[in-house]
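A quick write-up on the structure given underneath.
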Amino acid sequence: MRVVVQETPFDLASELCGFGGESMGAIVTFTGVVRDNAQGNLIAMDIEHYPGMTQSALTRIATDAADRWSLGDVLVIHRHGRLTPGDQIMMVATASRHRKDAFEAAEFLMDYLKSRAPFWKKEITRGGADWVAARDEDEAALDRW
Amino acid sequence: MRVVVQETPFDLASELCGFGGESMGAIVTFTGVVRDNAQGNLIAMDIEHYPGMTQSALTRIATDAADRWSLGDVLVIHRHGRLTPGDQIMMVATASRHRKDAFEAAEFLMDYLKSRAPFWKKEITRGGADWVAARDEDEAALDRW
Amino acid sequence: MDVLYFAWVRERIGLPRERVETNAATVAELVAELSSREERYEAAFADLSALRVAIDQELADFDAPIGDAREVAFFPPMTGG
Amino acid sequence: MDVLYFAWVRERIGLPRERVETNAATVAELVAELSSREERYEAAFADLSALRVAIDQELADFDAPIGDAREVAFFPPMTGG
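Top line first, the protein sequences correspond to chains A, B, C and D. For the working numbering, count along the first sequence from 1 and bump the result up by 62. For the working numbering, count along the second sequence from 1 and bump the result up by 62. For the working numbering, count along the third sequence from 1 and bump the result up by 125. For the working numbering, count along the fourth sequence from 1 and bump the result up by 125.
Following this line, the structure appears as structure tokens:
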């Protein structure tokens, strides 16, 4: 298991090099990308985090996933700082013998990262700057698990 | 949308370069890897396919996914020929504005690729060679959709 | 018409494709005709529940009409992914 | 104890962290104490349903006891991923 919080970009391919090994048949990845907003005027996305808590919160979420599904490997990378549209924000990867476990664990990781990892996003637009509000449906998504 | 059937290896990172573009916030990938069998004696996996039908069957599955979910992009790559443990067999990738669509579409693609794409796997072991039997649970997985 | 065989069906019958002249109206009739030829065909077609069929590269049922199909393929359940 | 603020809570209060000497027994008591200080605190804590709290870097409820916590943090609902 590997959990990384960093300001710098990451490279999906290097991160996945050797991930899972030869006994895992299924690898699922999710990559979050900064996308332009509905108005099409996003200049940047600032991602603030709680340095003392971030690593431990992410590690707990990853450990919960590993306890719950049969996983050969788990990877979580989350960036902070200023990002621009098209930049990768974060990724998770799961390796398992079967696709069902790999998919479910990746969805679980994402649902918890959305609402239980101490990150806050602020959109910088030509019109100003606004904190991204948490969405009710993201909180509701946790009820699945 | 891109659907590729090939004998040669693929590189996940190159395939994903520019995938989805700047308006898609969520990218999900699934990669299938040849894993050793339960006896630990797998030498190779031969993947036979039906050349005339493979491309059209995969394209139909990808089109069905694009019709059903809001996707910015879909990629399907499936290899054939002789592979060895650790080799990548296939991958799918989906890009969407929201993670739910990207995850569901990737799972849909995988469920249909398993049971409705004309590929057949044969395990070459030290003890001989055996065709991999289709699993009832793979057929049952289609009932979800 | 061309008849194609894949995976263990191909191995059991001993060839990947052949040209077949037939008056069979349905896939089932074609199967019956092939099975009556030789034991290797009979063995391959012994359990139709273990087989799938495609007409002109589209999955079909065994009771489907063949019509003027150019190509009929027989194979075991697919194991892609 | 250290009290930390993140995102718009930080902006509204105007600082990321401060040292607070308090006898508050619970988070709610600490919030009441801070709110009574100045308007910017009152504004930040006006709607507790829009806030989350962590005690020593673990998510907690507003009625949780503070005990001998070293660090209490206030922030809006998280928006990771």
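Glycine included, every Cβ here is placed at the ideal spot set by N, Cα and C.
Euclidean distance between Cα positions of residue i and residue j
i	j	result
residue 82 (chain A)	residue 168 (chain B)	19 Å
residue 110 (chain A)	residue 131 (chain A)	30 Å
residue 176 (chain D)	residue 154 (chain D)	15 Å
residue 195 (chain A)	residue 187 (chain B)	55 Å
residue 137 (chain B)	residue 63 (chain B)	6 Å
residue 206 (chain D)	residue 179 (chain A)	8 Å
residue 68 (chain A)	residue 189 (chain A)	28 Å
residue 74 (chain A)	residue 87 (chain B)	15 Å
residue 154 (chain A)	residue 139 (chain B)	21 Å
residue 85 (chain A)	residue 165 (chain B)	24 Å
residue 173 (chain C)	residue 167 (chain C)	11 Å
residue 156 (chain B)	residue 76 (chain B)	15 Å
residue 171 (chain D)	residue 164 (chain D)	10 Å
residue 135 (chain B)	residue 161 (chain A)	21 Å
residue 175 (chain B)	residue 124 (chain B)	10 Å
residue 145 (chain D)	residue 194 (chain D)	12 Å
residue 128 (chain D)	residue 170 (chain A)	31 Å
residue 137 (chain C)	residue 193 (chain B)	12 Å
residue 211 (chain A)	residue 133 (chain A)	No statement about residue 211 (chain A) is possible, as the shown extent of chain A runs from 63 to 207 and does not include it.
Partner residues on chain A for residue i, Cβ-Cβ distance less than 7 Å
i	result
residue 189 (chain D)	The premise fails here: residue 189 (chain D) is roughly 16 Å from chain A at the closest Cβ pair, so nothing lies under 7 Å.
residue 129 (chain B)	Ordered by position in chain A, no residue passes the 7 Å Cβ test against residue 129 (chain B), which lies about 21 Å from the chain.
residue 179 (chain D)	115
residue 147 (chain B)	84
residue 78 (chain B)	74
Contacts that residue i makes with chain A (C-beta to C-beta distance below 8 Å)
i	result
residue 66 (chain B)	None at all; the shortest Cβ gap to chain A is about 18 Å.
residue 199 (chain D)	Here the premise fails: no neighbours, minimum Cβ distance about 11 Å.
residue 132 (chain D)	110, 182, 184 and 193
Proximal residues of chain C, C-beta to C-beta of residue i below 8 Å
i	result
residue 178 (chain B)	184, 203 and 205
residue 175 (chain B)	205 and 206
residue 196 (chain B)	201, 202, 203 and 204
Neighbour list for residue i in chain D, Cβ cutoff strictly below 8 Å
i	result
residue 152 (chain A)	205 and 206
Backbone secondary structure at residue i - three-state DSSP
i	result
residue 166 (chain C)	helix
residue 123 (chain B)	helix
residue 143 (chain B)	strand
residue 132 (chain A)	coil
residue 161 (chain A)	helix
residue 115 (chain B)	helix
residue 203 (chain D)	coil
residue 172 (chain D)	coil
residue 127 (chain C)	strand
residue 150 (chain D)	coil
residue 97 (chain A)	coil
residue 140 (chain C)	coil
residue 138 (chain A)	strand
residue 90 (chain A)	strand
residue 186 (chain D)	coil
residue 173 (chain B)	helix
residue 192 (chain B)	strand
residue 197 (chain D)	strand
residue 206 (chain B)	helix
residue 108 (chain B)	strand
residue 185 (chain B)	strand
residue 145 (chain C)	coil
residue 179 (chain A)	coil
residue 197 (chain A)	coil
The ligand NAP heavy atom lying under 7 Å from the CB of residue i
i	result
residue 134 (chain A)	For the structure depicted, the ligand NAP is absent and the ligand set is empty, with no information on it obtainable.
Interface residues of chain A facing residue i [CB-CB closer than 9 Å]
i	result
residue 165 (chain B)	90, 92, 165, 168, 169 and 172
residue 206 (chain B)	Neighbours of residue 206 (chain B) on chain A: none; closest Cβ ~11 Å, over 9 Å.
residue 122 (chain B)	Those do not exist, as residue 122 (chain B) stays about 21 Å from chain A at its closest Cβ, beyond 9 Å.
residue 159 (chain B)	97
Interface residues of chain B facing residue i [CB-CB closer than 8 Å]
i	result
residue 144 (chain A)	Simply none; closest approach about 16 Å.
Proximal residues of chain D, C-beta to C-beta of residue i below 9 Å
i	result
residue 140 (chain A)	205 and 206
Chain-ordered neighbours of residue i on chain D, where CB pairs are closer than 7 Å
i	result
residue 118 (chain A)	182
Exercise. Does the segment 141–150 of chain B come close enough to the segment 98–108 of chain B to have 3 or more Cβ pairs within less than 8 Å?
Worked result: yes
Exercise. Listed in chain order, which residues of the segment 80–91 of chain B have Cβ atoms closer than 9 Å to some Cβ of chain A?
Worked result: 82, 83, 84, 85, 86, 87, 88, 89, 90 and 91
Problem set entry | Three or more C-beta pairs below 8 Å linking the segment 190–204 of chain C and the segment 139–154 of chain D | no
For this session: Inspect the CB distances between the segment 90–103 of chain A and the segment 114–132 of chain A and report whether three or more fall short of 8 Å.
Result: no
Exercise. Pairing CB atoms from the segment 177–186 of chain A with CB atoms from the segment 131–145 of chain D, are three or more of them under 8 Å?
Worked result: yes
For this session: Decide if the segment 154–173 of chain D is in contact with the segment 180–188 of chain C; the criterion is three or more beta carbon pairs, one per stretch, under 8 Å apart.
Result: no
Exercise. Got a sec: which bits of the segment 94–108 of chain A sit with their beta carbon under 8 Å from any beta carbon on chain B, in order along the chain?
Worked result: 94, 95, 96, 97 and 98
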